[in-house]
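Contents: one structure, followed by commentary.
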Amino acid sequence: MSIILVFGCLLHIDSLVPNKEEILERIFQTNPDATVAIRSVEGIHQLLYEPIDATKFRKVVCEEVGRTIADSFIINSTIYYTLK
1003 MSIILVFGCL LHIDSLVPNK EEILERIFQT NPDATVAIRS VEGIHQLLYE PIDATKFRKV
1063 VCEEVGRTIA DSFIINSTIY YTLK
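Right, dumping it as structure tokens:
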């Protein structure tokens, strides 16, 4: 499990980190301009990580601003969020 904090505005939350919605809320309380990348398993045929339930992030008042899509070259997908 890891949370990677990068100086600036991009943060990454690994799929295996528990309580992602609470962490996401705290990140936006600390830095409203942050962009947060959360690893997902969307589009993956073999699950390597915990599935992400994006509906949990609605209570944090954030919006999806981008995502990577798994294919034969990308083994997982990532969803990017910013504060609304």
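Last residue of the sequence shown: 1086 in the working numbering, with the numbers rising by one and none dropped.
Quick reminder that beta carbons are idealized off the backbone N, C-alpha and C, glycines included.
Could you compute how far the alpha carbon of residue i sits from the alpha carbon of residue j?
{"i": "Ile1077", "j": "Leu1085", "result": "27 Å"}
{"i": "Lys1061", "j": "Ile1071", "result": "25 Å"}
{"i": "Ile1005", "j": "Val1019", "result": "Here the model assigns Ile1005 a pLDDT of 49, short of 50, so the residue's position is not dependable, and the following value carries that caveat. Distance between the alpha carbons of Ile1005 and Val1019: 7 Å."}
{"i": "Ser1074", "j": "Gly1068", "result": "20 Å"}
{"i": "Tyr1083", "j": "Pro1034", "result": "11 Å"}
{"i": "Arg1041", "j": "Ala1056", "result": "11 Å"}
{"i": "Ile1081", "j": "Glu1024", "result": "17 Å"}
{"i": "Ile1029", "j": "Ala1036", "result": "7 Å"}
{"i": "Ile1016", "j": "Glu1066", "result": "The sequence shown places Asp at residue 1016, rather than the Ile named in the question. So the two alpha carbons sit approximately 17 Å from each other."}
Span of the alpha helix (DSSP H) holding residue i?
{"i": "Arg1028", "result": "Lys1022 to Thr1032"}
Between which two residues does the beta strand (DSSP E) carrying residue i extend?
{"i": "Ser1042", "result": "Thr1037 to Ser1042"}
{"i": "Leu1085", "result": "Ser1079 to Leu1085"}
{"i": "Leu1013", "result": "Leu1012 to Ile1015"}
{"i": "Val1063", "result": "It is not in any beta strand (DSSP E) - Val1063 carries neither H nor E in the DSSP assignment."}
For residue i, count the other beta carbons within 10 Å of its own beta carbon; 16 or more makes it buried, fewer makes it exposed. Which is it?
{"i": "Lys1022", "result": "buried"}
{"i": "Leu1013", "result": "buried"}
{"i": "Val1038", "result": "buried"}
Between the Cα of residue i and those of the options, spot the shortest distance and give me the residue it belongs to.
{"i": "Glu1027", "options": "Ser1017, Asp1035, Phe1059 and Ser1079", "result": "Phe1059"}
{"i": "Val1063", "options": "Ser1017, Gln1031 and Ile1015", "result": "Gln1031"}
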